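Peer 1:
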Amino acid sequence: MTARQHNAAMIDRHWMGQAFGRTLSQRRLLDQRATAGGAPVGLGSGAEDSVALRTNALHRASLEDKAHLCAERVGKSCALPKTHFGVQHATPPGGVQNESTGTLEGMHSPVRLVAIDIDGTLLPTFSQSISSRNAKALKAAQEAGITVAIATGRRTAYTAPLFAEMGLRANTPLITSNGAVTRTLGGDAVDRSHMEARVARGICGLLRRFGALVFTFDRPGRGELVLEDPDEAHERITLWIEANRNAIEVVKPLENALRDGDDPVQGMVAGGLSAMKKAEKALKASVWAPSCECVRTEYPARDLAILDLLPPGVSKGWALERLAKRLEIDRKETMAIGDNWNDVDMLEWAGQSVVMGNAAVELRTMAKTHGWKQAPPNDEDGVAVVLENVLKRQTESRGRPRHWAAMTRN
681 MTARQHNAAM
691 IDRHWMGQAF
701 GRTLSQRRLL
711 DQRATAGGAP
721 VGLGSGAEDS
731 VALRTNALHR
741 ASLEDKAHLC
751 AERVGKSCAL
761 PKTHFGVQHA
771 TPPGGVQNES
781 TGTLEGMHSP
791 VRLVAIDIDG
801 TLLPTFSQSI
811 SSRNAKALKA
821 AQEAGITVAI
831 ATGRRTAYTA
841 PLFAEMGLRA
851 NTPLITSNGA
861 VTRTLGGDAV
871 DRSHMEARVA
881 RGICGLLRRF
891 GALVFTFDRP
901 GRGELVLEDP
911 DEAHERITLW
921 IEANRNAIEV
931 VKPLENALRD
941 GDDPVQGMVA
951 GGLSAMKKAE
961 KALKASVWAP
971 SCECVRTEYP
981 ARDLAILDLL
991 PPGVSKGWAL
1001 ERLAKRLEID
1011 RKETMAIGDN
1021 WNDVDMLEWA
1031 GQSVVMGNAA
1041 VELRTMAKTH
1051 GWKQAPPNDE
1061 DGVAVVLENV
1071 LKRQTESRGR
1081 PRHWAAMTRN
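Numbers in our numbering are just positions in the sequence shown, counted from 1, shifted up by 680.
#1: Counting C-beta neighbours from all protein chains within 10 Å, is the total for N1058 16 or more, i.e. buried, or is it exposed?
#2: When you compare the region 971-980 with the region 876-888, are there three or more beta-carbon pairs, one atom per stretch, that lie closer than 8 Å?
#3: What span of residues does the alpha helix (DSSP H) with T1075 cover, start to end?
#4: Looking at the structure shown, is R976 part of a helix, part of a strand, or coil, going by DSSP?
#5: What did DSSP end up calling S995 once you bin it into helix, strand or coil?
#6: Taking the alpha carbon of Q1054 as the point to measure from, which residue in L1071, V1035 and E1042 has its own alpha carbon closest?
#7: First and last residue of the alpha helix (DSSP H) that includes N873?
#8: What residue does the alpha helix (DSSP H) around E929 start on, and which one ends it?
#9: Is Q822 helix, strand or coil by DSSP?
#10: Would you mind working out which of A850, L848, G997 and L842 sits nearest S807, comparing C-alpha positions?
#11: Reducing DSSP to helix, strand and coil, say where M956 ends up.
#12: Nearest-angstrom Cα distance between I855 and V894?
#13: Specify, as a first and last residue, the run of the alpha helix (DSSP H) that A1016 falls within.
#14: Give every residue of the same chain whose Cβ lies closer than 7 Å to the Cβ of E1076, excluding the five residues on either side of it in the sequence, and list them in chain order.
#15: What is the rounded straight-line gap between the Cα of G1062 and the Cα of V1024?
#16: Using the beta-carbon count (16 or more within 10 Å), is D943 buried or exposed?
#17: Any idea what DSSP makes of I883, helix, strand or coil?
#18: Going by the CB atoms, is the gap between Q1032 and V791 shorter than 9 Å?
#19: In the DSSP assignment, what residue or residues form a beta bridge with M948?
#20: Per DSSP, which residues does R863 bridge with? Please list them.
#21: If you draw a straight line from the alpha carbon of I678 to that of T801, how long is it in whole angstroms?
#22: Please state whether the Cβ-Cβ distance between S645 and R835 is less than 9 Å.
#23: Exposed or buried, which one is G941 when buried takes at least 16 other CB atoms within 10 Å?
#24: Between which two residues does the alpha helix (DSSP H) carrying V1041 extend?
#25: Would you report the Cα separation of D1019 and P933, rounded to the nearest angstrom?
#26: Quick one: Cα of K1012 to Cα of R939, how far?
#27: Suppose you measure from the CA of R863 to the CA of P853; what does that come to, to the nearest Å?
#28: Starting from L919, trace the alpha helix (DSSP H) in both directions and tell me its first and last residue.
#29: So V1034 is in the beta strand (DSSP E); what residue range does that whole segment cover?
#30: Roughly how many angstroms separate the alpha carbons of A844 and L865, rounded to a whole number?
#31: How should T832 be labelled, buried or exposed, when 16 other C-beta atoms within 10 angstroms of its C-beta is the threshold for buried?
#32: Over the uninterrupted alpha helix (DSSP H) stretch that includes L938, give me the two end residues.
#33: Check this for me: beta carbons of S1028 and G997, under 9 Å apart or not?
#34: So, for P910: in the same chain, excluding its five sequence neighbours on each side, which residues have a beta-carbon less than 8 Å away from its beta-carbon?
#35: Exposed or buried, V879, counting other C-beta atoms within 10 Å across all chains shown (16 or more means buried)?
#36: Would you mind stating whether L793 and I986 have Cβ atoms separated by less than 9 Å?
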């Protein structure tokens, strides 16, 4: 086994608040132990059209490029240079949010990049529309020179329509499929990783007995999502199936959709909380464990859990680190806001992390031990409260913030 293969095999899956797994920082230490033979050092680099954006063709990442050291471990990965986003950044001081008051206090570094989850964070609980206050705060942050990135488990096509009428820049980064795909709001490709089809086939045989299994491909239209039988899918995801029906292709058995060379970007198995814990345990104990990252999202009130299945090493945190590196933004200047277990990696990586007040008790407890701050709940526009206070703090510290226009480079 080469040093690189050993390195990849040593990476445990997403830490879910239980006694197994390693944190993002611990996984990075494992990477650093396997530098011989060109093994990666670290975890790679660091869900509107007001500005038309043009980019070069999608490029494969190179291990020789220090911005993409992790590419080989996570499979097919490709990225565009930082100039793709075309934004110059003001550098006003940010702030730490006080859990009880929602104010920001005493942050040493400015906030230049903020990554924001959608469901349970940016969206109200019983709505698929972003509130006017949250929308206004996102736009104000952009105008103040902060790069606003959306980081979600949703696929791109299920994410972009939420922001279509908000007036955000076309080059707004969308980190989707839990980090496997990054595109701009205008649809331009930035970064992407794949799960090997052979791994996906093996996972089908292992996990289909636990719940509804779906695979996502990075291509438009029908066939972007494949599953075996939507009519027999778990009743808890019926609404999701109806919302995505035009993208779904039914394939029986599912393995027939997973041909070598036609690799998915993400898998998903959904079911009850108990069933998904068993599925996660089965995957961890299987031969496929080193080849698949497993990230759990839970909705206890609905007895629903989703296991997102990703290429090894891929997560929202992995994608956020790569984006920050591309934009030459330090992690200390990066804020992450989320509410669920699939947000943990990006909360761990970001220098300024905020957990929503509606997050699970276990995650809010974890936030306290990590020094993360707490926002008001999603139903109280918690994201807007955080961003408004960031902007207030920078205004007080440096005067009126500079407003930067997007500077598109073809």
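Glycine is no exception: its CB is placed at the ideal position from the N, C-alpha and C atoms.
What you are looking at is a predicted structure, and each value in this text was computed from that prediction instead of being measured.
Peer 2: With the structure as the only source:
#1: buried
#2: yes
#3: G1062 to R1078
#4: strand
#5: coil
#6: V1035
#7: According to the sequence displayed, residue 873 carries Ser and not Asn. Segment: none, S873 is in no alpha helix (DSSP H) and carries neither H nor E.
#8: That residue, E929, is in no alpha helix (DSSP H); its beta strand (DSSP E) goes I928 to V930.
#9: helix
#10: L842
#11: helix
#12: 19 Å
#13: Careful: A1016 lies outside any alpha helix (DSSP H), inside the beta strand (DSSP E) at T1014 to G1018.
#14: none
#15: 18 Å
#16: buried
#17: helix
#18: yes
#19: V894 and D988
#20: L854 and A869
#21: Examination of residue 678 is not possible in this model, given that the chain is present from 681 through 1090 alone.
#22: Residue 645 falls outside the range modelled here, since the chain spans only 681 to 1090, and no answer is possible.
#23: exposed
#24: V1041 to H1050
#25: 35 Å
#26: 42 Å
#27: 6 Å
#28: T918 to A923
#29: Q1032 to M1036
#30: 8 Å
#31: buried
#32: Premise fails: L938 is in no alpha helix (DSSP H) and is neither H nor E.
#33: Sequence inspection shows Glu at residue 1028; the Ser mentioned does not correspond to that position. Closer than 9 Å, so yes.
#34: I921, R925, I928 and V930
#35: buried
#36: no
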